[in-house]
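Protein chains: 2
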Amino acid sequence: MTVMTPIATARRRAETGLAARQLAREGFAGTTAGLAPGHVQGNLAILPRDQAADFLRFCTLNPKPCPVIGLSEPGDPRIPALGADLDIRTDLPRYRVWRDGALVEEPTDITAHWRDDLVAFVIGCSFSFEEALLAAGVPLRHIACGCNVAMWRTSIACAPAGPFAGPMVVSMRPLRAADAIRAIQITSRFPAVHGAPVHLGDPSLIGIDDITRPHYGDAVPVEADELPVFWACGVTPQAAIVASRVPFAITHAPGSMLVTDLLNAQLAAL
Amino acid sequence: MTVMTPIATARRRAETGLAARQLAREGFAGTTAGLAPGHVQGNLAILPRDQAADFLRFCTLNPKPCPVIGLSEPGDPRIPALGADLDIRTDLPRYRVWRDGALVEEPTDITAHWRDDLVAFVIGCSFSFEEALLAAGVPLRHIACGCNVAMWRTSIACAPAGPFAGPMVVSMRPLRAADAIRAIQITSRFPAVHGAPVHLGDPSLIGIDDITRPHYGDAVPVEADELPVFWACGVTPQAAIVASRVPFAITHAPGSMLVTDLLNAQLAAL
C-alpha cells in the first residue's frame, strides 16, 4: 500500500518512533523533521561487508561528524537496540541507492536491494541537539525560517580509512555570544549527536570563503551581533561514501531519517 | 615577625593552604600566584554588619562575578569551612583598608582594624579555573607572558543591592576557536569560580572600545586566528565596594589572595 500522507497529518499521527516507522512502511515519503518529538532520528549508511569494516574505522576515527548510534549484523535488517520491530529496509520514508558513486535510484523501500552481506550504520543527527537547544530557549534561525540548516565542506580533513576520506562537512547556526556559550554547554552533553561545536567565529579559518553561500541546505543571515557557530555534520559520512565510489551503498534521502525508539534525553552524557 | 620571603622560596615552602597562610602570618607580602598548587584561592571583602546584608544580596544577585565560597560570622575572624586554623586577620599577605571609598592603608595584618561587627566574604577567583584550563592544555597567554590578566569594566550592569552597584568587570583570555570551545566546557564545571564565559568575540558588544588597553592588569595581543573570551571577574565586587563609598571596608590587595585548604578539584560541579 502506498499512500502519500500529508506532513501535517503525519505529525499528528507519529507521536512515537514506532508510529513514524509505520508511516514510512505505509508509503509516507516526506521529511521526518517534526515527527515523533523527543525521539532520536538518525542518518543511515548501508555498505557491503567488504567496505563496512573500513567505514566503521572511518566513523571511529571521526566521531564528531560520524557518531555511530546503531549497527546491524551483516545481512540482518534489524537493529533491536533502536526499536524492537525496526526493519531498516522499510522504515525510512525514502532512500538513495548509489553505484560507483553515482545516485541510481531513490526508492521508498529497499527490500529488493537487500543482500546477506549488507551492514547498516545509523549515525547521530543534529535534530536531537536542536531539540535540546530550543528547549533551553536558544533560538535557531533556520527553524524560525522554516528552511534547512546551512552546511559547508571545510578545510578540516577527516582521518581516512580505506576508501573513505574527505573534508568534514559542518552545519552553521548564527547565535549571539551568550547563546553560543549556552549552546556549547548544551551540545557538549550530546556526544552521540555531534557534541560541541568544532568552530565558531571567522569562517575562513576552516576554509569557508562565503558564509552567504552554503554548499548544502539554505542560507540564513548572520547578524552583526552574532557569531557563526559550526557543528560537525552527518552529511560528512555520506559525502565520504559518494566520493569513495564504492560499488554499492544505500543512504537515507535528505531529510528522510530513521526515527528510533530512543529518546533524545537518553543520549545525554551528563 | 616580618620577614620578606622571596617568591621562589615561598613557592617551595607553601605546598598546602596552611603553609601559604603560615607564610603570610610570618610576614610574606608577595603575590599568592603559584602558591599551594591545586588549592582554591579567594578574593576577600570585609564589611561591617550594617552593609554586609546588602553586600550578600549583591553577591547573590550577581553570582557570576561574585561567587561566595566562604562567609564568616559577624565579629568572628575564622572561616573553618575554608581552613580549620584560618584567621582572616593575619592569613593574607597584604590587605587594603578603605574609608568612604578611599584607600587609606595597605597593611600585612588587620588585627588592629578588627571589630566585633565585621563580616568576611571570600569570593571565588579565576586562579582555580585557570589551573583546570592549563591542565587540559588550553594555553593562557598572560601566564605564558608572566603578566596579569587583562580586565575591563563593561556595559553589563550588575543587579544593584543597597549601596552596591556598578558594571561587571571581566577578564579576557585570547583563544583559538577550538580552545575557546574547550575552555567553555571546562569552566562550566566551576560555577564557584566564575563559571563559563559571559561573552566571546566582538568586544564592543559589551562596551569594550579598545581591546589593546585594559582598565586593569596587562595588555596581551589577540592574534588574527583568535577570539577574545571574557569571564566575569572578582574585581567586580571590589569595584562595587569602592564605588559605594561605604564608611569602612577591607579587601585583599591585588594578587594577594586568601589561600584555602579546599582543592580546586573539589569545586567541580560535575
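Here the protein sequences come in this chain order: A and B.
Position in the first sequence counted from 1, then plus 933, gives you this note's numbering.
Position in the second sequence counted from 1, then plus 933, gives you this note's numbering.
Where a beta carbon is used, it is the ideal one built from N, C-alpha and C, also for glycine.
Predicted model only: the values in this text are computed from it and were never measured.
Exercise for the section: Give me whichever residues DSSP pairs with Arg1178(B) in a beta bridge. Expected result: Within the second sequence, numbered from 1, the residue matching residue 1178(B) stands at position 245. Beta-bridge pairing links Arg1178(B) to no other residue.
Handout entry: Local conformation of Ala1186(B) per DSSP, three classes
Key = Your numbering for residue 1186(B) matches position 253 in the second sequence. Note: Ala1186(B) maps to coil in three-state DSSP.
Practice task
Report back the beta-carbon spacing between Val1055(A) and Leu1108(A) to the nearest angstrom; my notes put them in contact at under 8 angstroms.
Solution key: As a position in the first sequence, residue 1055(A) is number 122, starting the count at 1. As a position in the first sequence, residue 1108(A) is number 175, starting the count at 1. Val1055(A) to Leu1108(A), Cβ: 28 angstroms. No contact.
Practice task
Sort Gly967(A), Asp1009(A), Val1102(A), Ala953(A) by Cα distance to Ile1174(A) and report the nearest one.
Solution key: Sequence index remark: in the first sequence, residue 1174(A) carries index 241 (1-based). Ranking the options by Cα distance to Ile1174(A), first place goes to Val1102(A).
Practice task
Kindly indicate if chain A contains any beta-carbon less than 8 angstroms away from that of Gln1199(B).
Solution key: Residue numbering aside, residue 1199(B) sits at position 266 when the second sequence is read from its first letter. No - not a single Cβ of chain A is within 8 angstroms of the one on Gln1199(B).
Problem - Residue from Asp1049(A), Ile1144(A), Ser1059(A), Ser1005(A) whose Cα sits closest to the Cα of Ile1076(A) - result: By one-based count along the first sequence, residue 1076(A) stands at place 143. Ranking Asp1049(A), Ile1144(A), Ser1059(A), Ser1005(A) by Cα distance to Ile1076(A) puts Ser1059(A) first.
Exercise for the section: Drop a sphere of 10 angstroms on the beta-carbon of Pro1205(A), count the other beta-carbons inside from all chains shown, and report buried for 16 or more, exposed for fewer. Expected result: Given that chain A is displayed from residue 934 to residue 1203, the structure contains no residue 1205(A) and the question cannot be resolved.
Exercise for the section: Counting only the same chain and skipping the five closest in sequence on each side, list residues whose C-beta sits under 8 angstroms from that of Val1037(B). Expected result: Taking the second sequence and counting its residues from 1, one reaches residue 1037(B) at position 104. Taken in chain order, the residues that qualify are Val1030, Trp1031.
Exercise for the section: Would you list, in chain order, the members of the region 1107-1119 of chain A that have their beta-carbon closer than 9 angstroms to a beta-carbon of chain B? Expected result: Contact residues of the region 1107-1119 of chain A toward chain B are Arg1109, Ala1110, Ala1111, Ala1113, Ile1114, Arg1115, Ile1117, Gln1118 (C-beta to C-beta distance below 9 angstroms).
Problem - Within 8 angstroms, strictly: CB atoms of Ile1089(A) and Pro1100(A) - result: Against the first sequence, residue 1089(A) aligns to sequence position 156. Against the first sequence, residue 1100(A) aligns to sequence position 167. Contact: yes.
Problem - Endpoints, beta strand (DSSP E) assigned at Phe1163(A) - result: Counting from 1 along the first sequence, the entry for residue 1163(A) is found at position 230. Counting along the chain, the beta strand (DSSP E) containing Phe1163(A) begins and ends at 1159-1165.
Practice task
For Gly1134(B), return the contacting residues in chain A, with the cut-off set at a CB-CB distance below 7 angstroms.
Solution key: In the second sequence, the residue the question calls residue 1134(B) occupies position 201. The answer, in chain order, is Ala1110, Gly1134, Leu1160.
Handout entry: Residues that Pro1026(A) contacts on chain B, provided the C-beta gap is smaller than 8 angstroms
Key = In the first sequence, residue 1026(A) corresponds to position 93, counting from 1. In chain order: nothing, as chain B lies at least about 34 angstroms away.
Practice task
Could you check the C-alpha separation between Ala1202(A) and Ala952(A) for me, to the nearest Å?
Solution key: Numbered from its first residue, the first sequence carries residue 1202(A) at position 269. Numbered from its first residue, the first sequence carries residue 952(A) at position 19. One C-alpha to the other measures close to 27 angstroms.
Practice task
Would you identify the three-state DSSP class for Ser1059(B), choosing helix, strand or coil?
Solution key: The count along the second sequence starts at 1 and reaches residue 1059(B) at position 126. Ser1059(B) falls in the helix class under three-state DSSP.
Handout entry: For Val1126(A), three-class secondary structure by DSSP
Key = To locate residue 1126(A), count along the first sequence from 1; it is residue 193. Reduced to three states, the DSSP call for Val1126(A) is helix.
Handout entry: Check whether Arg1106(A) and Asp1050(A) have beta carbons under 8 angstroms apart
Key = Sequence index remark: in the first sequence, residue 1106(A) carries index 173 (1-based). Sequence index remark: in the first sequence, residue 1050(A) carries index 117 (1-based). Their beta carbons are not under 8 angstroms apart, which means Arg1106(A) does not touch Asp1050(A) by this criterion.
Practice task
Just tell me which of Val1126(B), Asp987(B), His1185(B), Ile1119(B) has its CA closest to the CA of Pro998(B).
Solution key: Reading the second sequence from its first residue, position 65 is the one you call residue 998(B). Measuring from the Cα of Pro998(B), the nearest candidate turns out to be Val1126(B).
Handout entry: Expected contact under 8 angstroms - CB spacing of Leu1019(B) and Leu977(B) to nearest Å
Key = Locating residue 1019(B) in the second sequence gives position 86, counting from the first residue. Locating residue 977(B) in the second sequence gives position 44, counting from the first residue. No, Leu1019(B) and Leu977(B) are not in contact; Cβ-Cβ is about 11 angstroms, not under 8 angstroms.
Handout entry: Cβ shell of Gln1047(B) (< 7 angstroms), same chain only, five flanking positions each side left out
Key = For this step, residue 1047(B) is matched to residue 114 along the second sequence. At residue 1047(B) the sequence reads Trp, which differs from the Gln that was named. Once the five neighbours on either side are set aside, the close Cβ partners of Trp1047(B) are Pro1010, Arg1022.
Practice task
On a CA-only basis, which of Pro1124(B), Val1155(B), Ser1177(B) is nearest Cys1166(B)? Give me that one, please.
Solution key: Counting from 1 along the second sequence, the entry for residue 1166(B) is found at position 233. The option with the nearest alpha carbon to Cys1166(B) is Pro1124(B).
Exercise for the section: Would you kindly report the start and end of the unbroken beta strand (DSSP E) that includes Asp983(A)? Expected result: Here residue 983(A) refers to the residue found at position 50 when the first sequence is read from its first residue. Element bounds for Asp983(A): not the beta strand (DSSP E) but the alpha helix (DSSP H), 982-994.
Exercise for the section: Determine the closest residue to Arg1065(A) out of Pro1013(A), Ile1114(A), Arg1122(A), Ala1083(A), with distance taken between C-alpha atoms. Expected result: Here residue 1065(A) refers to the residue found at position 132 when the first sequence is read from its first residue. Checking the sequence, you will find Ala at residue 1065(A) rather than Arg. Ranking the options by Cα distance to Ala1065(A), first place goes to Arg1122(A).
Handout entry: Cutoff 8 angstroms: Leu1138(A) Cβ touching any chain B Cβ
Key = Numbered from 1 along the first sequence, position 205 holds the residue referred to as residue 1138(A). The C-beta of Leu1138(A) comes closer than 8 angstroms to at least one C-beta of chain B.
Problem - Three-state secondary structure (DSSP) of Leu968(B) - result: As a working mapping, residue 968(B) is identified with position 35 in the second sequence. Shown here, Leu968(B) sits in coil according to DSSP, grouped into three states, outside any helix or strand.
Handout entry: At least three beta-carbon pairs within less than 8 angstroms, the region 1111-1122 of chain B to the region 1109-1120 of chain A
Key = Between the region 1111-1122 of chain B and the region 1109-1120 of chain A, the count of Cβ pairs shorter than 8 angstroms is three or higher; the stretches touch.
Practice task
To the nearest angstrom, report how far apart Met934(B) and Leu980(B) are at their CA atoms.
Solution key: Counting from 1 along the second sequence, the entry for residue 934(B) is found at position 1. Counting from 1 along the second sequence, the entry for residue 980(B) is found at position 47. Low confidence applies to Met934(B): its pLDDT is 42, below 50, so where it sits in the model is not reliable, and the reading given next is rough at best. Going by the C-alpha atoms only, they are around 27 angstroms apart.
Practice task
Evaluate contact between the region 1135-1153 of chain A and the region 952-962 of chain A, counting only Cβ atoms and requiring at least three cross-stretch pairs below 8 angstroms.
Solution key: Between the region 1135-1153 of chain A and the region 952-962 of chain A there are fewer than three inter-stretch CB-CB distances shorter than 8 angstroms, so the stretches are not counted as touching.
Practice task
Taking only beta carbons into account, state which residues of the region 984-1007 of chain A come closer than 9 angstroms to chain B, listed in chain order.
Solution key: none
Practice task
Quick one: give me the first and last residue of the beta strand (DSSP E) that Arg1029(B) is part of.
Solution key: As a working mapping, residue 1029(B) is identified with position 96 in the second sequence. Counting along the chain, the beta strand (DSSP E) containing Arg1029(B) begins and ends at 1028-1032.
Handout entry: Heavy atom of the ligand ZN within 7 angstroms of Ile1141(B) beta-carbon
Key = In terms of ligand content, the structure shown is empty, and the ligand ZN therefore cannot be addressed.
Practice task
Would you identify the three-state DSSP class for Pro1100(A), choosing helix, strand or coil?
Solution key: The residue you call residue 1100(A) lines up with position 167 of the first sequence. In the structure shown, Pro1100(A) sits in a strand (DSSP, three-state: E or B).
Practice task
Go to Leu1138(B), then tell me how far its beta strand (DSSP E) extends in each direction, as first and last residue.
Solution key: If you number the second sequence from 1, residue 1138(B) lands on position 205. Counted as a single uninterrupted DSSP element, the stretch harbouring Leu1138(B) is not any beta strand (DSSP E), since DSSP gives it neither H nor E.
Problem - Interface residues of chain B facing Ile1203(A) [CB-CB closer than 8 angstroms] - result: Taking the first sequence and counting its residues from 1, the one referred to as residue 1203(A) is at position 270. Reading off the sequence, residue 1203(A) comes out as Leu, not Ile. Result: Leu1203.
Problem - Contacts that Ala1129(B) makes with chain A (C-beta to C-beta distance below 7 angstroms) - result: Here residue 1129(B) is taken as the residue at index 196 of the second sequence, counted from 1. What Ala1129(B) touches in chain A: Ile1114, Gln1118.
Exercise for the section: Compare the C-alpha of Pro1180(A) against each of Ala985(A), Ala986(A), Ala1098(A), Asp1033(A) and name the closest. Expected result: In the first sequence, counting from the first residue as 1, residue 1180(A) sits at position 247. The shortest Cα separation from Pro1180(A) among Ala985(A), Ala986(A), Ala1098(A), Asp1033(A) belongs to Asp1033(A).
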